[in-house]
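Chains as they are written, first to last, in this note's numbering: chain A, 2 to 239; chain B, 2 to 239.
Presented below is the structure to which this report refers.
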C-alpha cells in the first residue's frame with residue numbers, strides 16, 4: 002500500500018511487536034473514512050479500544066461525519082502512534098487499512114465491547130448508551146509501519162490480531178472483576194517500574210492488559226499469549 | 002461535510018480565529034489521501050508549514066504512499082489540533098478538505114515555499130533538495146471545526162486563507178532576515194509571556210509569525226492583518 006517494495010525492510014518479530022504495541026496502546030487515533038457526499042478522504046479523531054481478538058473498536062455518534070462515511074463504505078484507515086519530543090517524523094507510527102463492522106446493540110458481542118471500551122475510557126459512560134451512539138469493529142486488512150526515517154515495513158492484517166479467546170464469558174467476567182482490583186494494580190504498576198499514581202486495571206485480553214490512571218494509559222503486552230483468564234490472574238499477582 | 006446542519010453552531014469570529022490558529026500553529030498534521038491501488042482512505046503524518054496566503058504546505062517523498070495518492074487524486078484532508086491532558090475529545094481540532102497543488106522545483110513559488118518550510122522545520126534541510134522530495138500546497142476547500150463536545154462549526158476554505166501579499170519578494174527577504182534576529186525574538190517572546198528559551202523567529206506572513214525553540218513552536222496571530230513587511234518589523238520591535 003504505502004511504500005515501494007524496495008524501500009521496505011523485511012518484517013521481523015521486532016517490527017510486528019512494535020506494530021501491535023502502537024495499535025493496542027493508543028487511547029485515540031486518527032480515523033480516515035470516505036466522505037459520501039464528496040468522495041474526499043475525511044480524517045477525524047476517535048477514542049479507541051481493542052476487542053478480545055485484537056481488533057480496534059470505536060464508539061461514534063450516528064450524527065458525525067465519520068459514522069456516515071463508515072455506513073456508506075466500510076473502507077477506512079487508522080493512524081496510531083503519537084509523537085513525543087523532537088522531530089515528529091522520528092517517532093514510530095502505523096497506518097492500518099481496516100474494514101468497518103457495525104456492532105448492533107442487541108448482538109452477542111455488544112456487552113463485551115461495551116465493557117472493554119468503558120474499562121479504558123471511563124468518561125464514555127456519560128454517552129455510551131445514547132441512542133445515536135454505537136460501536137464499530139475496524140478489522141485490519143493490511144498495515145504500513147513507519148518506525149522512523151528509512152524504517153518502513155508492510156504487515157498483513159492477520160499479524161495484528163489473534164484468534165478470539167475460547168471462553169468469552171469468562172474473559173468478560175475477568176474484565177469486570179479487574180476494575181475493582183486497585184491494590185493489585187498498584188503492585189503490578191510498581192513491578193513495571195511505573196510511578197506512584199492511582200492505577201487501576203483497564204482492558205485485558207490474551208495479549209496484554211491496560212494500566213489506567215486518569216488520562217494516562219499504559220498498555221503492557223504479556224511476554225507470551227495467555228489463553229485463560231486464570232493465567233492472567235496468576236501473571237499479574239505472581 | 003461532517004455534521005448534520007442542525008448540530009452546527011453559527012460560525013462566528015471566535016470560531017474562525019480558533020480554526021485559523023489550529024491550522025497555522027500545527028507543526029504536523031494527519032494527512033488523508035485516497036490510495037490509488039485500493040481506494041481506501043490512507044492516513045499518515047506530515048510536517049506542515051503555511052504559505053504566504055495561509056495555505057498549508059507539505060514536503061513529501063515521491064516514494065511515499067501519500068505522494069502517490071496526491072498525484073493520482075488531488076482530494077485530501079488534514080486534521081490539525083493535538084490533544085493535551087485529559088479527554089482527547091475535549092480538545093479542539095479541525096478537519097480541512099483540500100485540493101493538492103504540486104509545486105514544481107522550477108516554479109516561481111518554490112523558493113518562497115522552501116524558505117518558509119525550512120524556517121519552521123530546520124532539520125528538513127537534510128533532505129529538502131533530494132530529487133524525490135517535493136512540496137505540495139493543500140488548498141482548503143471546506144472545513145469542519147470541532148471545538149469540543151457539542152461545539153461543531155462548518156467553514157469555507159476562503160475563511161482559512163487570505164489574499165497573497167502584494168510584494169512577495171520583500172516578504173521572502175523579511176523571512177530570510179528574521180532568522181538571524183534572535184535577540185529581537187527573545188524580547189518578543191518575553192512580551193508574549195513565553196518562558197526563557199533559545200527563541201528564534203520562524204515563518205512570517207501578513208497574519209502572524211512563528212517563534213521556534215528546538216521542537217517547540219508557538220504561532221502568534223497578529224491582532225490585525227499586516228500588509229507590509231515593515232509593519233511586521235514595527236509590530237515585533239515596538
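Glycine residues also receive a C-beta, built at the ideal position from the N, C-alpha and C atoms.
| query | result |
| --- | --- |
| Cβ shell of residue 91 of chain A (< 7 angstroms), same chain only, five flanking positions each side left out | 149, 150 |
| When A/38, A/18, A/42, A/23 are compared against residue 32 of chain A, the one with the closest alpha-carbon | A/42 |
| CB contact check: residue 87 of chain B to chain A, cutoff 8 angstroms | yes |
| Whole-Å CB distance - residue 86 of chain B paired with residue 216 of chain A, under 8 angstroms assumed | 6 angstroms |
| Cut-off 8 angstroms between Cβ atoms - residues of its own chain near residue 15 of chain A, not counting five sequence neighbours on either side | none |
| Within 8 angstroms, strictly: CB atoms of residue 202 of chain B and residue 180 of chain B | yes |
| Enclosing alpha helix (DSSP H) for residue 179 of chain B [first to last residue] | 169-179 |
| Rounded separation between residue 9 of chain B and residue 156 of chain B - CA only | 11 angstroms |
| Beta-carbon contacts of residue 68 of chain A that lie in its chain and below 7 angstroms, excluding the five residues immediately before and after | 61, 62 |
| Inter-residue spacing [alpha-carbon to alpha-carbon] between residue 173 of chain A and residue 111 of chain A | 11 angstroms |
| Three or more C-beta pairs below 8 angstroms linking the segment 137-147 of chain B and the segment 98-105 of chain B | yes |
| CB-CB length for residue 76 of chain A against residue 35 of chain A, believed under 8 angstroms | 6 angstroms |
| Interfacial residues, the segment 92-124 of chain B to chain A, with Cβ spacing under 7 angstroms | 94, 96, 98, 124 |
| Cutoff 8 angstroms: residue 234 of chain A Cβ touching any chain B Cβ | no |
| Proximity of residue 136 of chain B and residue 118 of chain B at Cβ, strictly below 8 angstroms | yes |
| Straight-line gap, residue 44 of chain B to residue 206 of chain A (C-alpha atoms, nearest Å) | 27 angstroms |
| Candidates A/81, A/236, A/40: closest to residue 193 of chain A by CA position | A/236 |
| Under the three-state DSSP convention, the category residue 102 of chain B falls into | strand |
| Supposed close pair residue 223 of chain B, residue 208 of chain B - CB separation, criterion 8 angstroms | 6 angstroms |
| Cβ of residue 194 of chain A within 8 angstroms of any chain B Cβ | no |
| Rounded separation between residue 147 of chain A and residue 12 of chain A - CA only | 11 angstroms |
| Any C-beta of chain B under 8 angstroms from that of residue 10 of chain A | no |
| Minimum length 3: unbroken beta strand (DSSP E) runs contained in the segment 61-128 of chain A | 76-81, 94-104 |
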